[in-house]
Amino acid sequence: MRKLNKTAACGILAAALAAGTLSGCSKAIDGTKTVATVGDEKVTLGLASYMVRDQQAQTVSYYNMLMSQYGVSGSASNVWDQKGDDGKTVGESSKDGVMKTINQLYVLKAHAADYDVTITEDEEKAIKEAAAEFIKDNDEKILKKLAVSEADIVTYLELVTIRSKMHDPMTADVDTEVSANEKDQTRVTIVKVSTEGTEKDDDGNTIDLTDEEKAQKKDLAQQVLDKVKASDDVANADMDALAKEVDDSLSATAPAFTTAGDTDDTLDEAVQDAALELKDGEVADKVIEGDDGYYVVRLDKMLDEDATENKEKTVISERKSDLYDSTLQDWVKEEKIKVDDKVWDQIKVTDSVSFEYKSTDSSKGDSTATDADSTKDTEDTSAQDSSASDSAAEDSAE
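Taking this note's numbering, the leading residue of the sequence shown gets 54, the next gets one more, and so forth.
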C-alpha cells in the first residue's frame, strides 16, 4: 500500500489517505449538495459521505479482526441494524459520530488563527498531490458511489492537518507541576487467591462460595506466603513461581499505587494498607483478606521512581486532554452545526448498505478496483490510501 511519504514528510499527522479496497453498495447521491453549515462554512455531502463510508469500513475491519482472533464466525458487517439502549441503530449512531467529528473539525479550523496555526505551502502541496492521486487511482464508478470529489479530499486533509496542529497550542498553559500526593507510586508484588464464585444458578446469578470453600482458598494463600517467607531472599523471591508450586492457576502481579492522597480503586484497599506498614523488600506477615480474595503482599519499593515518573506524565497528559476537550466543547456550544436532515438522510448505514475493506495484494504495493459482484449486487471500490481512521483515535479523546 502506498504510504504517501511526501505527506508524512511534511508532518501531516493522521491525514494520509490509507486503507485498502472497499466493498459495498449504495444509491448514487449528489455530493455537491450542502449537508450542513458550521458558522459560514458549508459542508458538502461528498465530504460527509467519504467520512461515513471510511469509518464504516474501518469499524467492520476492526471487529472482523477481533472476531478472527477469538475464533468467532460471521461478519461484523451485520451489526448496523442493531439497536442500542438509546433506541438508535448502530448505523445511526455511527452517522451521529461522524457529524460530531465534522462539527469539531470545522470549529477547530475557525479557531486556528487564534493560535497562529496554518497549513504551510509544503503541506498544501502535499495535500493537493495526495488528493489528485486518490482521484486518479479510483475509477468513475467508485467515485460516484462515494460521491466524493478531489476538492472534498483536499478539504478533508486540510481539516485533519489543522486538528493535528491544534492540540499543543491549545494545551500550552496547562499546569505541569504535579504534587507528591498525585504522583508518588508504591510498588508491590501480590498473589491473589480469588473468593469470587465461578458457578451460576438457573437464573444466571453467580453462586457465592461457602465458608468451607473460602477457608480452602485462604489455605492456598497461606501456603504461598509460607513459601515466600521460607525463601533465602524474600525481597527477590520469585513469587510467581512459588505461587504456581502451590497451584498452577495462581500467579503474581506487580502493580503500583499512589502512596498518598486518594485510594487507588484498581487495587484492594486492604492490600494498600498492608503494604504501607512494610519496609522495602518485606512481605506481610499474614494473609491479607480483601473484598474478593486473599492476598500475599510484598512491598517492593515504597517510592518507585520509574512508576512515579510515568504517573507524573499521565497526570499532565490527562490535564491537557481535559483542557483540550473542555475548550473544544465550549467552542462547539458557541457555534453549533446546522444539519440539513433531508440531505443527510440520503446516506444510509445499514446491514444492506454496508462498506468494508477487502484485502489487497501487498506484494504489488497497490490496490485496484475490481468488477461488480453481480450475485451480491456490490461494487468493489478502491479507497487506495484512504482513511478517516484517525477519527477513531483522536475523536475518542474529544
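Glycine included, C-beta positions come from ideal geometry on N, C-alpha and C.
From a predicted model like this one, the values you see are computed outputs, not experimental measurements.
Query, Result
"Give every residue of the same chain whose Cβ lies closer than 6 Å to the Cβ of ALA81, excluding the five residues on either side of it in the sequence, and list them in chain order.", "LYS197"
"Check whether the Cβ atoms of ALA238 and THR85 lie closer than 7 Å to each other.", "For the sequence presented, residue 238 should be read as Gln rather than Ala. No, the Cβ-Cβ distance between GLN238 and THR85 is not below 7 Å."
"Since LEU199 and TYR103 are thought to touch, with beta carbons under 8 Å apart, how far apart are those beta carbons, to the nearest angstrom?", "6 Å"
"Throw me the rounded Cβ distance for the VAL453 and ALA296 pair, which I believe falls under 8 Å.", "The structure shown has nothing for residue 453, since the chain only spans 54 to 451."
"Can you find at least 3 beta carbon pairs, one from the stretch 230-250 and one from the stretch 355-374, that sit closer than 8 Å?", "yes"
"Runs of 3 residues minimum, wholly inside the stretch 231-262: which ones carry the beta strand (DSSP E) assignment?", "238-247"
"Which term fits THR171, buried or exposed, when burial requires 16 or more other beta carbons within 10 angstroms of its beta carbon?", "exposed"
"If you draw a straight line from the C-alpha of PRO308 to the C-alpha of GLN111, how long is it?", "34 Å"
"Rounded to whole angstroms, what is the Cα-Cα separation between GLY250 and LEU376?", "42 Å"
"Might you give, ordered along the chain, the residues of its own chain that have their beta carbon closer than 8 Å to the beta carbon of ASP345, omitting 5 neighbours on each side?", "SER247, THR248, GLU249, ASP321"
"Can you have a look at THR319 and say buried or exposed, based on whether 16 or more other CB atoms are within 10 angstroms of its CB?", "exposed"
"Which one of LYS332, VAL244, LYS282 has the shortest CA to CA distance from LEU301?", "The question names Leu, but residue 301 is Asp in the sequence shown. It is VAL244."
"Which residue from GLU342, THR214, ASP226, GLU145 puts its Cα closest to that of LYS162?", "THR214"
"If you draw a straight line from the alpha carbon of ASP261 to that of LYS253, how long is it in whole angstroms?", "9 Å"
"DSSP state of LEU196, grouped into three classes?", "helix"
"For ALA184, which of MET118, ASP190, GLU203 has the nearest alpha-carbon?", "GLU203"
"Would you give the residue range spanned by the beta strand (DSSP E) that LEU352 belongs to?", "346-354"
"Going by alpha carbons, who is nearest to THR90 out of TYR159, ASP107, TRP133, ASP138?", "TYR159"
"On the DSSP letters alone, give me the boundaries of the alpha helix (DSSP H) that LYS280 sits inside.", "264-283"
"For LYS354 and THR263, I'd like the C-alpha separation in whole angstroms.", "36 Å"
"Between the alpha carbons of ASN156 and SER147, how many angstroms are there, rounded?", "14 Å"
"Give the single residue among ALA288, GLN382, VAL96, SER304 whose Cα lies nearest to the Cα of VAL336.", "ALA288"
"So ALA309 is in the beta strand (DSSP E); what residue range does that whole segment cover?", "309-311"
"Please give the ranges of any alpha helix (DSSP H) in the stretch 114-169, keeping only runs that are unbroken, at least 4 residues long and fully inside the region.", "143-163"
"Take the Cβ of ALA294 as the centre, count every other Cβ of all protein chains shown within 10 Å, and call the residue buried at 16 or more, exposed below.", "exposed"
"With a 10 Å radius around its C-beta and 16 neighbouring C-beta atoms as the bar for buried, classify GLY343 as buried or exposed.", "buried"
"Just tell me which of LYS389, TRP397, THR403, LEU381 has its CA closest to the CA of THR224.", "LEU381"
"Confirm, please, whether the CB-CB distance from VAL113 to SER126 is below 7 Å.", "no"
"Check each candidate in LYS218, TRP133, GLU145 and name the one with the smallest Cα separation from HIS164.", "LYS218"
"Using the rule of at least 16 other Cβ atoms within 10 Å of the residue's Cβ for burial, across every protein chain shown, is GLN399 buried or exposed?", "buried"
"For GLU211 and LEU303, what's the separation of their Cα atoms in angstroms?", "53 Å"
"Grab the span of the alpha helix (DSSP H) containing LYS181 for me, first residue to last.", "174-190"
"Quick check on DSSP: helix, strand or coil for LYS86?", "coil"
"How would you call GLU176, buried or exposed, if buried means at least 16 neighbouring beta carbons within 10 angstroms?", "buried"
"Going by the DSSP bridge assignment, what does GLU342 pair with across the sheet?", "TYR347"
"Who are the Cβ neighbours of ASP383 in its own chain at under 7 Å, not counting the five residues just before and after it?", "none"
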